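Novice: One structure, pasted below without further comment.
Right under this line is the structure:
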């Protein structure tokens, strides 16, 4: 039983929004309904055309737990918007920093579960599985909780960023790094991948929960979705053939890794023959076996 005399954990939730009117009200209801924590939601709205900024402004005026960041910038994607939130929000007085998308639905114990894990086990960051759901009623568990390996952070994220919760100490350290390397960080395409990579590269402890506490909405507007089905696989493969993935791996390795890390230096190279040196270490590069095999194939085909 929880000691009622202990202070309630304070959580700064950073929410990036863009043309979100279809789902943002349901998402905000689920965030503000969190139990066992004291939540303040900081919202940055990319320049929108559906009235999202007006809705958020009205909510912030009516609810002191909602803070609307100055509006008008055009970020062009989730990553620059989340980086903007990290730069602009002073979360130093909070216990945790959490990320939120505009269109999911949180179970009411989501943040309390993250606190319990982080507090009891001295972890620095938390992520979790999610239950993806589609408009037709289909639901699929997205399992990201395979055991972490030494260099998986250079090749994949820990799962959907909307499950991420950081201790304020690690979030402040990461913010300091981001501000010092702003130009390089700003070129990163996936914020959730960078946040995981920075933590792991700096020896911080990350917990990936095999429980799910969030319904992960899938629709045509997802920037990065659940990657389920043949059509999604074809789409991802077309993207990989453009060289995007190899570029992101190289960028991540160059940004967060130590110069003495041989695996990271091979990953940071854009020469395909250098990537062949990664093959003996395939078991260290992705958490899931099928993803390791797919990476090996990419290297052998020269499309990584």
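Residue numbers (this note's numbering): 16 to 319. Built from N, CA and C at the ideal position, the CB exists for glycine as well. Being a predicted model, the structure only gives us computed values, none of them experimental.
(1) Could you tell me whether the stretch 147-162 touches the stretch 191-203, where touching means 3 or more Cβ pairs closer than 8 Å?
(2) Do the CB positions of residue 53 and residue 24 come within less than 8 Å of each other?
(3) Express the C-alpha separation of residue 140 and residue 185 in angstroms, rounding to a whole number.
(4) Hey, how far is the Cα of residue 268 from the Cα of residue 276?
(5) Reducing DSSP to helix, strand and coil, say where residue 16 ends up.
(6) Identify which residue in 88, 45 and 166 has its Cα closest to the Cα of residue 117.
(7) Could you check the C-alpha separation between residue 270 and residue 97 for me, to the nearest Å?
(8) As a quick exercise: from 82, 78 and 62, pick the residue whose alpha carbon is nearest that of residue 92.
(9) Where does residue 149 sit, in a helix, a strand or coil, going by DSSP?
(10) Quick check on DSSP: helix, strand or coil for residue 44?
(11) Quick test of the definition: if touching needs 3 or more C-beta pairs under 8 Å, does the stretch 126-139 touch the stretch 108-116?
(12) DSSP state of residue 257, grouped into three classes?
(13) Taking DSSP's pairing of strands, which residues face residue 59 in a bridge?
(14) Between the Cα of residue 21 and those of 71, 134, 99 and 285, spot the shortest distance and give me the residue it belongs to.
(15) State whether the stretch 64-84 contacts the stretch 169-186, with contact taken as three or more CB pairs (one from each stretch) at a distance under 8 Å.
(16) Using the three-state DSSP reduction, which class does residue 154 fall into: helix, strand or coil?
Specialist: Answer, in terms of the structure:
(1) no
(2) Yes; because the gap between Cβ atoms is below 8 Å, this pair is in contact.
(3) 8 Å
(4) 9 Å
(5) Confidence at residue 16 is low in this model, with a pLDDT of 48, below 50, so its placement is unreliable and no value can be given for it.
(6) Among 88, 45 and 166, the Cα nearest to that of residue 117 is on 45.
(7) 18 Å
(8) 62
(9) The answer is coil: DSSP assigns residue 149 none of H, G, I, E or B.
(10) helix
(11) yes
(12) In the three-state scheme derived from DSSP, where H, G and I count as helix and E and B as strand, residue 257 is classed as coil.
(13) According to DSSP, which records beta bridges pairwise, residue 59 is partnered with 31.
(14) 134
(15) no
(16) strand
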